[in-house]
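> Residue numbering for the sequence shown follows this note's numbering, beginning at 59 and increasing consecutively.
For every residue, glycine included, the Cβ atom is placed at its ideal position computed from N, Cα and C.
What you are looking at is a predicted structure, and each value in this text was computed from that prediction instead of being measured.
Below are the structure tokens for one structure; questions will follow.
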Amino acid sequence: MPATQITDEELKSLTQAILRRYGIDFTCYEPSSLKRRVDRCISVLKLETVHNLWVKLLKDQMFVHRFMDEISVGLTAMFRDPVLWKALKKDILNSLATKNRINIWHAGCSSGEEVYSMGIVLQESNLLSQSKAIATDISDAAIAGAQQGKYHHLKLAEYEKNYREYNPLGTFEKYYQKDGTDGAMNSELIKHVDFRHHNLISEPPPGQFDIIFCRNVMIYFDNQAKINLLQRFHQHLNDGGYLIIGFYDALVPLIDKSKYHIIDLDAKIFQKI
Ligand SMILES: C[S@@+](CC[C@H](N)C(=O)[O-])C[C@H]1O[C@@H](n2cnc3c(N)ncnc32)[C@H](O)[C@@H]1O
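Below is the structure:
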């Protein structure tokens with residue numbers, strides 16, 4: 059546990075100062091988890107006090123990007139929640155197969171594992187060439203990593219176990235090339251994605267989509283921010299488009315049932331009405 063413990067008051071004035079100075083809005087993040095992340099950031103960056111963090115943030119424009127990387131939690135994995143990927147392949151993608159182009163948005167994509175999982179599912183459904191994905195995150199470091207599409211072989215071994223649960227008969231290794239201790243994802247899986255920096259709280263969605271993934275991101279936001287985002291996603295889904303949320307996002311009670319059908323509660327798939 060980090061030694062420094064930022065108070066509620068300090069957190070409030072720090073987030074307001076960042077909003078005023080840089081237009082970056084952390085004010086609607088859930089306070090207790092944001093406090094833990096700020097305390098961790100002070101410890102990891104050896105800043106020792108909240109005051110030092112404050113001075114660094116307000117004097118050093120470049121530092122705010124480092125701070126954002128530390129605050130955003132990038133925990134992710136390929137084929138996490140195999141039930142979702144099975145449901146996508148079996149029940150969802152068929153309904154989109156007649157479209158000339160399937161537009162997909164991965165909002166809060168972290169280091170790209172979710173994006174490449176979807177790329178593989180699309181390839182195995184023969185839909186990769188007619189799909190275009192946009193993958194966004196607030197963290198520049200995460201986006202740079204995602205775009206590179208390289209993962210350590212130990213991680214890939216872990217991901218293979220998830221993949222097998224989704225498709226016991228498939229071959230995960232054919233989707234990447236060995237590159238030293240890493241595996242580099244195949245170029246066609248990288249090429250169909252446009253990776254971009256994007257802040258979900260302060261920027262409008264980057265287009266109209268048939269599928270929006272926003273998994274394990276809204277967990278950090280307060281209820282009002284979650285409700286606003288669910289409305290925005292609805293506006294930016296094509297008719298009959300799908301919203302996919304995370305297993306622990308605690309969002310189901312906030313979803314307006316007059317706007318979304320529940321398609322699969324286990325896989326957390328909702329369809330725009
Ligand atoms: C736990 S990861 C989820 C990754 C992936 N969606 C998954 O479920 O495997 C959460 C991601 O949300 C991003 N994030 C947090 N706040 C954000 C914001 N305001 N706008 C965009 N991305 C944000 C973080 O940088 C982090 O990469």
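Return the CA-CA distance between residue 252 and residue 163, expressed in angstroms with no decimal places.
10 Å
> Would you say the segment 228-235 touches the segment 194-205, given that touching needs at least three Cβ pairs under 8 Å?
With the cut-off at 8 Å, the segment 228-235 and the segment 194-205 do not touch.
> Give a yes or no on contact between the segment 232-252 and the segment 172-192, applying the rule of three or more CB pairs nearer than 8 Å.
They touch, by the three-pair rule.
> Assuming residue 121 is part of the alpha helix (DSSP H), what are its boundary residues?
121-129
> Among the candidates 207, 119, 141 and 315, whose CA atom is the shortest distance from the CA of residue 245?
207
> Tell me residue 164's beta-bridge partners as DSSP assigns them.
Partner(s): 193 and 271.
> Under three-state DSSP, which class holds residue 243?
strand
> Name the residue from 299, 312, 325 and 194 whose alpha carbon lies nearest to the alpha carbon of residue 264.
Looking at 299, 312, 325 and 194, the one whose alpha-carbon comes closest to that of residue 264 is 194.
> Roughly how many angstroms separate the alpha carbons of residue 71 and residue 320, rounded to a whole number?
40 Å
> Determine the contact status of residue 279 and residue 302, defining contact as a CB-CB distance below 8 Å.
no
> With three or more C-beta pairs closer than 8 Å as the rule, is the segment 148-162 touching the segment 108-124?
no
> Using DSSP's beta-bridge definition, name the partner residues of residue 319.
329
> Identify which residue in 137, 82 and 143 has its Cα closest to the Cα of residue 220.
The residue with the shortest Cα to Cα distance from residue 220 is 137.
> Is the number of C-beta pairs between the segment 92-112 and the segment 124-134 that are closer than 8 Å three or more?
yes
> Using the three-state DSSP reduction, which class does residue 177 fall into: helix, strand or coil?
Taken through DSSP and simplified to helix, strand or coil, residue 177 comes out as helix.
> Spatial neighbours of residue 73 within its chain, please: CB distance less than 7 Å, with the 5 preceding and 5 following residues excluded, ordered by chain position.
84 and 85
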